[in-house]
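Residue numbers (numbering that gives the first Met the number 0), protein chains in the order written: chain W, 0 to 301; chain F, 0 to 301. Glycine included, every Cβ here is placed at the ideal spot set by N, Cα and C. Read through the structure below, which is laid out as structure tokens, and then see the notes.
Number of protein chains: 2
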Amino acid sequence: MIGEVPDTQIGQEFASRRLTHEAGIHRPLQAGICGTKRRGAESIVVSGGYKDDEDFGHVIVYTGHGGQDSSGNQVSDQSLDDAGNAALITSYLEGLPVRVVRGAHSGSQWAPAQGYRYDGLFRVTRYGSKLGIDGFLIWQFRLESYEGTPLPEPVQQETLADLEEAAASGNELVPAGNESPERVSTSVQRIVRSSAVKRQVKAWHDNCCQICAVQIEVPGGSYSEGAHMQALGRPHNGPDITGNVLCLCSNCHVMLDAGAIVINDDLSVIRGGVEVGVLRTHPRHVLDMECVRKHRERWRQD
Amino acid sequence: MIGEVPDTQIGQEFASRRLTHEAGIHRPLQAGICGTKRRGAESIVVSGGYKDDEDFGHVIVYTGHGGQDSSGNQVSDQSLDDAGNAALITSYLEGLPVRVVRGAHSGSQWAPAQGYRYDGLFRVTRYGSKLGIDGFLIWQFRLESYEGTPLPEPVQQETLADLEEAAASGNELVPAGNESPERVSTSVQRIVRSSAVKRQVKAWHDNCCQICAVQIEVPGGSYSEGAHMQALGRPHNGPDITGNVLCLCSNCHVMLDAGAIVINDDLSVIRGGVEVGVLRTHPRHVLDMECVRKHRERWRQD
């Protein structure tokens with residue numbers, strides 16, 4: 000349920016939330032975030048319900064869930080314990096894709112003129128809290144579309160006229176809705192997306208590094224990376240199975256990938272030529288010793 | 000000199016190495032790799048000079064430099080001390096783009112029919128060593144084009160006929176030249192590209208983490224990440240200056256980005272609510288305290 004939904008196209012329109020529900024694109028009828036802390040967020044609806052939301056097309060600043068009264072005013076602080084907010088943090092930590100549905104509302108050139116529209120997969124690249132417009136704490140998530148995802152047709156062409164006017168007047172202040180922030184993936188971002196295989200390995204080890212035992216704790220959970228020993232694809236062609244994946248902290252992952260760490264057949268760990276300990280194991284996590292060996296041979300220097 | 004060259008288009012053709020030199024696309028007249036260990040690789044030429052090279056279009060398995068005799072046979076082991084090979088490792092560690100020039104040669108459907116062709120920017124996503132076809136140790140680098148980079152027109156259409164024949168015969172073995180390995184960036188890869196600003200900060204600190212003092216050592220160098228405290232782009236709009244960047248190990252970077260680590264105005268470091276030490280400094284690295292404060296406030300939970 001994470002990722003693309005069969006038989007649905009980017010740009011497909013839906014007249015109502017009932018229809019996005021029936022298509023499996025966004026299943027809840029009211030909540031803006033579909034997901035759980037354990038599995039991550041499946042989908043969100045961007046519909047102008049939060050005053051602090053900002054939509055730049057390829058980048059969306061999305062306000063978390065909670066703290067509003069029935070008329071849409073923020074009346075209390077938002078919390079990371081909220082299931083929807085916790086789901087988006089899991090999506091961030093695991094690098095999982097989130098389906099984005101935009102709903103019609105005024106003030107955004109990227110919203111559809113009516114109803115709802117599925118606009119493709121985004122990743123959560125950042126989050127943080129701030130005091131919102133109404134003076135209460137809100138959590139915000141930056142989502143970026145995957146490269147290659149087409150932008151919808153903008154609906155408010157008059158903003159372009161505003162832009163030209165501003166340029167002509169020598170005023171460089173660009174209306175917020177027209178700015179196109181740089182995609183983080185081209186400059187900054189850590190993108191270590193978890194597959195189902197990696198998530199299984201990480202779950203067995205409870206995000207504890209199999210090499211150095213570090214468990215990176217972050218607000219809302221803990222973080223680790225699934226590392227293939229024998230890399231997928233050419234030229235190594237490793238298998239995408241749990242026996243080929245280790246649960247590592249980011250530092251040990253860097254060192255494994257660069258050959259600073261290799262593992263012997265007796266599971267002793269060699270770092271920088273020195274034995275530094277033994278790989279931590281889990282009874283259900285059976286390593287494929289062929290993968291251990293092939294990783295080690297990739298770094299032979301004889 | 001890293002990245003795109005002004006006035007040159009992807010797909011542009013050059014009749015000779017002299018002309019790629021004059022255009023600044025690939026400056027050496029003979030060497031296949033242009034670059035240094037300190038700055039990374041500017042460009043490579045893929046021209047069939049190494050038997051172990053493989054070209055899949057968006058993915059290239061490129062053999063490092065050295066160990067060949069004048070007739071192109073591998074007669075000794077390759078070394079990471081070779082300047083070109085060391086340059087490609089720096090490109091990998093720093094996430095820097097490498098210009099790829101393909102030269103005409105038989106056996107690759109992605110090579111131009113004659114002369115040389117600039118085919119855009121690639122990143123080094125992996126490397127390792129193996130025994131080459133001639134029985135000596137070689138180093139190989141996996142390069143992947145950036146998403147959105149167009150593929151050149153393949154020249155050997157007969158391989159498609161081979162494919163159809165294989166499919167018709169029920170033989171699923173696909174000729175190597177036609178395989179299109181998954182881009183690692185969509186599933187696995189750490190991409191923390193260093194800008195000039197980040198590289199300066201990392202150089203000042205010699206890749207030692209300013210929070211935990213770890214220096215990640217890998218064959219061919221050491222590794223750290225430049226971390227913006229106040230993130231670039233919406234909604235935080237942090238400045239891209241050295242005062243806004245910390246030199247961190249990957250683990251501390253994850254924690255800084257997720258708010259598990261914040262820094263006080265006296266540079267004491269708070270991790271998980273507990274003071275764990277003081278930020279390491281360098282006399283030339285003057286922090287912008289506004290950025291320190293804004294990062295901290297992004298994680299307020301009052």
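Straight-line gap, residue 122 of chain F to residue 256 of chain W (C-alpha atoms, nearest Å): Approximately 15 Å, taken between the alpha carbons.
Is residue 312 of chain F helix, strand or coil when you go by DSSP? Residue 312 of chain F falls outside the range modelled here, since chain F spans only 0 to 301, and no answer is possible.
Can you name the residues that DSSP bridges to residue 139 of chain F? F:62 and F:127.
Answer yes or no: does any C-beta atom of chain W fall closer than 8 Å to that of residue 135 of chain F? For residue 135 of chain F, the answer is no, since every Cβ of chain W falls outside 8 Å of its Cβ.
Do three or more CB pairs link the region 229-238 of chain W to the region 222-242 of chain F at distances below 8 Å? Counting Cβ pairs under 8 Å, fewer than three are found: no touch.
What is the DSSP secondary structure of residue 221 of chain F, reduced to helix, strand or coil? Judged by DSSP in its simplified three-state form, residue 221 of chain F adopts strand.
Three-state secondary structure (DSSP) at residue 118 of chain W? Note: residue 118 of chain W maps to strand in three-state DSSP.
Residue-level contact to chain F via CB, residue 232 of chain W, 8 Å cutoff: The beta-carbon of residue 232 of chain W is placed less than 8 Å from the nearest beta-carbon of chain F.
Closer than 8 Å at the beta carbon, the chain F residues around residue 298 of chain W: Those within 8 Å of residue 298 of chain W in chain F are 127, 128 and 218.
Straight-line Cα distance separating residue 30 of chain F from residue 87 of chain W: Cα to Cα, residue 87 of chain W sits roughly 48 Å from residue 30 of chain F.
Coarse secondary structure for residue 265 of chain W, derived from DSSP in three states: Three-state result, residue 265 of chain W: coil.
Beta strand (DSSP E) segments (min. 3 residues) lying fully within the region 3-54 of chain W: For the region 3-54 of chain W, whole beta strand (DSSP E) runs of length 3 or above, ordered along the chain, are 32-35 and 39-45.
Within a Cβ cutoff of 7 Å, which residues of the same chain sit near residue 248 of chain F, ignoring the five residues on either side of it in sequence? Taken in chain order, the residues that qualify are 208, 211, 213, 215 and 223.
Cα-Cα separation between residue 336 of chain W and residue 203 of chain W, rounded to whole angstroms: The displayed coordinates of chain W run from 0 to 301. Any statement about residue 336 of chain W would go beyond what the structure contains.
Taking residue 53 of chain W as the query, report the chain F residues whose CB atoms sit under 8 Å from its CB, ordered along the chain. Neighbours of residue 53 of chain W on chain F, chain order: 233 and 234.
Pull the bridge partners of residue 144 of chain W from the DSSP assignment, please. W:121, per the DSSP bridge assignment.
Out of W:72, W:107, W:19 and W:62, which one is the CA nearest neighbour of residue 98 of chain W? The residue with the shortest Cα to Cα distance from residue 98 of chain W is W:19.
Does any residue of chain F have a CB that is nearer than 8 Å to the CB of residue 0 of chain W? No, because no Cβ of chain F sits closer than 8 Å to the Cβ of residue 0 of chain W.
Throw me the rounded Cβ distance for the residue 133 of chain W and residue 72 of chain W pair, which I believe falls under 8 Å. Contact holds; Cβ gap of about 6 Å.
If you run the structure through DSSP and keep just helix, strand and coil, what is residue 292 of chain W? Annotated three-state conformation of residue 292 of chain W is helix, per DSSP.
Closer than 8 Å between beta carbons: that is the criterion. Which residues of the region 236-256 of chain F meet it against chain W? Legend: CB atoms of the region 236-256 of chain F lying less than 8 Å from CB atoms of chain W belong to residues 248, 249, 250, 252, 253, 254 and 256.
Endpoints, the beta strand (DSSP E) within which residue 245 of chain W is located: Per DSSP, residue 245 of chain W belongs to the beta strand (DSSP E) from 244-247.
When you compare the CB of residue 66 of chain F with every CB in chain W, is at least one pair closer than 8 Å? Cβ-Cβ to chain W under 8 Å: no for residue 66 of chain F.
Quick one: grab the DSSP three-state call for residue 152 of chain W. Correct three-state label for residue 152 of chain W: coil.
Examine the Cβ distances between the region 90-109 of chain W and the region 20-40 of chain W and report whether three or more of them are shorter than 8 Å. Flag = yes, the region 90-109 of chain W and the region 20-40 of chain W touch.
N-terminal and C-terminal residue of the alpha helix (DSSP H) that residue 198 of chain F is part of: Unbroken alpha helix (DSSP H) run through residue 198 of chain F: 195-203.
Let me make sure I understand the geometry here. Which of W:153, W:79, W:126 and W:143 has the alpha-carbon closest to that of residue 111 of chain W? The option with the nearest alpha carbon to residue 111 of chain W is W:153.
Quick one: is residue 69 of chain W buried, meaning 16 or more other Cβ sit within 10 Å of its Cβ, or exposed? Residue 69 of chain W is classed as exposed because its beta carbon has fewer than 16 other beta carbons within 10 Å across all chains shown.
Candidates W:195, W:105, W:253 and W:277, of which the one nearest residue 220 of chain F by Cα: Measuring from the Cα of residue 220 of chain F, the nearest candidate turns out to be W:253.
Assuming contact is defined by CB atoms lying nearer than 8 Å, are residue 63 of chain W and residue 139 of chain W in contact in what I supplied? Cβ atoms of residue 63 of chain W and residue 139 of chain W: closer than 8 Å.
Tell me whether residue 144 of chain F is buried or exposed, calling it buried when 16 or more other Cβ atoms sit within 10 Å of its Cβ. Burial of residue 144 of chain F is indicated by the presence of at least 16 other C-beta atoms within 10 angstroms of its C-beta.
Could you please give me the residues that DSSP links to residue 227 of chain F through a beta bridge? Residue 227 of chain F is bridged by DSSP to F:244.
How far does the alpha helix (DSSP H) with residue 83 of chain F in it extend, from its first residue to its last? Unbroken alpha helix (DSSP H) run through residue 83 of chain F: 82-93.
Return the residues of the region 268-293 of chain F that lie within a Cβ-Cβ distance of less than 9 Å from chain W, sorted by chain order. Residues 270 and 271.
Could you name the residues of the region 142-154 of chain F whose beta carbon sits closer than 7 Å to any beta carbon of chain W, in the order they occur along the chain? The region 142-154 of chain F vs chain W, Cβ under 7 Å: 146 and 147.
For the region 32-60 of chain F, which residues have a beta carbon sitting closer than 9 Å to at least one beta carbon of chain W? Listed in sequence order: 51, 53, 55, 58 and 60.
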